[in-house]
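Have a look at the structure below before the remarks.
In structure tokens:
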């Protein structure tokens, strides 16, 4: 009963697993959608060029990299952990890839980048699960280590993938008229939604973050779930690194300062609570779009990038605080 | 690591606390750094070098002390570094405005500030405490998770810092700034003495007063503390206010040393401050930790960095080593804890 029974039951009535939880999540997604629609409406009223396919393409391109990482971060946060090392992972994997530029094969470079991302995620998982270091500390240390290694491997020099059209394609190419970074984001989002909503792994993920002890008792290997989640986040950070460096045709060992905090802001805005067990990929996607639309709007209004930071911070607070109050009342 | 004992024997005799001092692995690590330093570098034990090492520890040490306060209550403060820079910038900006009202020009050619330093310092401290109170209200009364509240604060303050300075640095002129930044008494720089004073006040407060002990109580079991009739929200606000005050103090010490302040200064210091507090044995879950051990961890950090500098290790390797030390220190303690539980 302990093992397969309850486990199977969990999977079969996924929707009913936590009915109230489900409604809460939907309420948060509903409010995020309302905010997004309102912002788009304001944008359309304020600027004639806002509501155009071209502008939406620009908005999506601007947030694609960060959002891909945010998908991974969301899963890590759902599992009850945190990953501050994403910028380190993106940089180190990119630099290792850059060391292989001479092979002239985009396939080898991209595979190496993804492998490094996977490996760093695995190491994060080991430190957190096996050694028992709080993930905040373990991934913070990993951020420092990965950045330091990236600096050492590259001798602090930037690399330029100019002679690798296959690599540049990830940032600049398009398929059926859609830019590759947007397609990559779509693909990652579909995979992430499928994984969290429609697979046994997704159920285990929410169970692990919601109540690890109960999950363990019902036969879920929570440690393994967490390690896999960290690995997914590592790979997605590496993917984001590829998208960004290919778009800029430039790999810099000091790139993406503060990325972890930006990604976390999106994740939290999307409704994931840092205690674990809640949050959705859809919420994170909506949150990323909200941030993208705000930035685009403020850009068109000619607001300085620094004031944008302040406005973004206030909007996050404005969205997050009422949500928290609601949940408190509901309890 | 052994920080747990700190609370269980609060009123031990001097000899026992001395004994405990020497059982502290941080002390032995500091001694080790000294021994290795003396052996490997002829410059390590010179007064000038030691003064430099501890001078550089003052700002990050003050941030770590504030962080310790907040961590004790089971919260976290990611905004410390942003607060540090922001409050000095606010101090300079408001003082300049006051000067404008008084028909004085306190910002002269080349963005140099020549107004009264004491006014800047007072406003800086008030700004830091104000930011802390805002953080505290968000966390304690609006119930925003501290990680999010202070992350949002970090973003906003960095943006505001750029706006107030137009992205250009302020240069700080004046004897008071020189005194804080450059003077040395008995081999100890003024900035470090300020750090020591803050440490002494915090130790007396936490270990010597009832109010201080309540911070531990809140971190240990907040609900029980609340049921005991203690208004926990006020203490949480106080912890953030103290952290903000420490950050402002750190800002004064750091900018007086650099003789300038600019918006991107101290990026990432918040993470170093967390690392130092945790190496000092402060638990992220709250209730465990001591400013004294945070102080020791700060010294260890500063002396270690100084030694790497003398060895000519590049800064990128320094981050690598800090990361590894963090993993090993916390790893050992968590493995030991787990073995104890088993």
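Protein chains in written order, with the working numbering: chain A, 1 to 331; chain B, 1001 to 1342. Every residue, glycine too, gets a C-beta built ideally from N, C-alpha and C.
In three-state terms, what does DSSP make of residue i?
i	result
residue 1010 of chain B	With a pLDDT of 47 at residue 1010 of chain B, under the threshold of 50, the modelled position of that residue is not reliable, and no figure is offered here.
residue 1183 of chain B	coil
residue 1157 of chain B	helix
residue 179 of chain A	strand
residue 320 of chain A	helix
residue 1038 of chain B	helix
residue 1044 of chain B	coil
residue 1168 of chain B	coil
residue 1349 of chain B	Shown here, chain B extends from 1001 to 1342; a query on residue 1349 of chain B therefore has no answer.
residue 335 of chain A	Residue 335 of chain A falls outside the range modelled here, since chain A spans only 1 to 331, and no answer is possible.
residue 1363 of chain B	Chain B is shown only over 1001 to 1342; residue 1363 of chain B falls outside these bounds and no answer can be derived.
residue 1189 of chain B	strand
residue 1213 of chain B	helix
residue 1107 of chain B	strand
residue 1261 of chain B	strand
residue 159 of chain A	strand
Mind checking if residue i is an interface residue toward chain A, Cβ cutoff 8 Å exclusive?
i	result
residue 1141 of chain B	no
residue 1278 of chain B	yes
residue 1319 of chain B	yes
residue 1031 of chain B	no
residue 1020 of chain B	no
residue 1136 of chain B	no
residue 1331 of chain B	yes
residue 1008 of chain B	Unreliable placement is indicated for residue 1008 of chain B, whose pLDDT of 44 sits below 50; the coordinate value is still reported in the next sentence. No, no contact with chain A.
residue 1145 of chain B	yes
residue 990 of chain B	Look at the range of chain B in this structure, 1001 to 1342, and you will see that residue 990 of chain B is not part of it.
residue 1281 of chain B	no
How about residue i and residue j: do their beta carbons lie closer than 8 Å?
i	j	result
residue 1300 of chain B	residue 1030 of chain B	yes
residue 1297 of chain B	residue 1276 of chain B	yes
residue 106 of chain A	residue 96 of chain A	no
residue 93 of chain A	residue 117 of chain A	yes
residue 1120 of chain B	residue 1091 of chain B	yes
residue 257 of chain A	residue 1267 of chain B	yes
residue 1279 of chain B	residue 133 of chain A	no
residue 1139 of chain B	residue 1075 of chain B	yes
residue 1083 of chain B	residue 1172 of chain B	no
residue 47 of chain A	residue 300 of chain A	yes
residue 1235 of chain B	residue 1215 of chain B	yes
residue 1131 of chain B	residue 1194 of chain B	no
residue 232 of chain A	residue 72 of chain A	yes
residue 143 of chain A	residue 87 of chain A	yes
residue 59 of chain A	residue 282 of chain A	no
residue 1293 of chain B	residue 1026 of chain B	yes
residue 148 of chain A	residue 1317 of chain B	yes
With distances taken from CA atoms, which of the options is nearest residue i?
i	options	result
residue 1220 of chain B	B:1179, B:1282, B:1258 and B:1249	B:1282
residue 1255 of chain B	B:1187, B:1181 and B:1272	B:1181
residue 36 of chain A	A:293, A:179, A:298 and A:313	A:293
residue 244 of chain A	A:163, A:172 and A:101	A:172
residue 130 of chain A	A:298, A:268, A:225 and A:158	A:225
residue 1071 of chain B	B:1312, B:1260, B:1262 and B:1242	B:1242
Using a cut-off of 9 Å between C-beta atoms, extract the partners of residue i located in chain B.
i	result
residue 365 of chain A	Because chain A here runs from 1 to 331, residue 365 of chain A falls outside it and cannot be looked at.
residue 265 of chain A	1148, 1151, 1152 and 1155
residue 103 of chain A	Chain B residues near residue 103 of chain A: none, gap ~26 Å exceeds 9 Å.
I want to verify the contact list: residues of chain B whose CB lies under 7 Å from the CB of residue i, in sequence order.
i	result
residue 132 of chain A	1334, 1335 and 1338
residue 306 of chain A	1159, 1162 and 1163
residue 78 of chain A	Simply none; closest approach about 15 Å.
residue 257 of chain A	1267
Could you tell me whether any Cβ in chain B is nearer than 8 Å to the Cβ of residue i?
i	result
residue 309 of chain A	yes
residue 294 of chain A	no
residue 27 of chain A	no
residue 147 of chain A	yes
residue 313 of chain A	yes
residue 274 of chain A	yes
residue 316 of chain A	yes
residue 127 of chain A	yes
Going along chain A, which residues have a C-beta under 9 Å from residue i?
i	result
residue 1094 of chain B	Chain A residues near residue 1094 of chain B: none, gap ~18 Å exceeds 9 Å.
residue 1274 of chain B	136, 137 and 140
residue 1284 of chain B	134, 136 and 137
Taking residue i as the query, report the chain A residues whose CB atoms sit under 7 Å from its CB, ordered along the chain.
i	result
residue 1148 of chain B	268 and 320
residue 1271 of chain B	140
Can you pull the chain B neighbours of residue i, defined as C-beta to C-beta under 8 Å?
i	result
residue 181 of chain A	Correct list: empty, because the minimum Cβ distance to chain B is about 24 Å.
residue 261 of chain A	1078, 1151, 1154 and 1155
Cβ closer than 8 Å: which chain A residues qualify as neighbours of residue i?
i	result
residue 1326 of chain B	137, 140, 141 and 144
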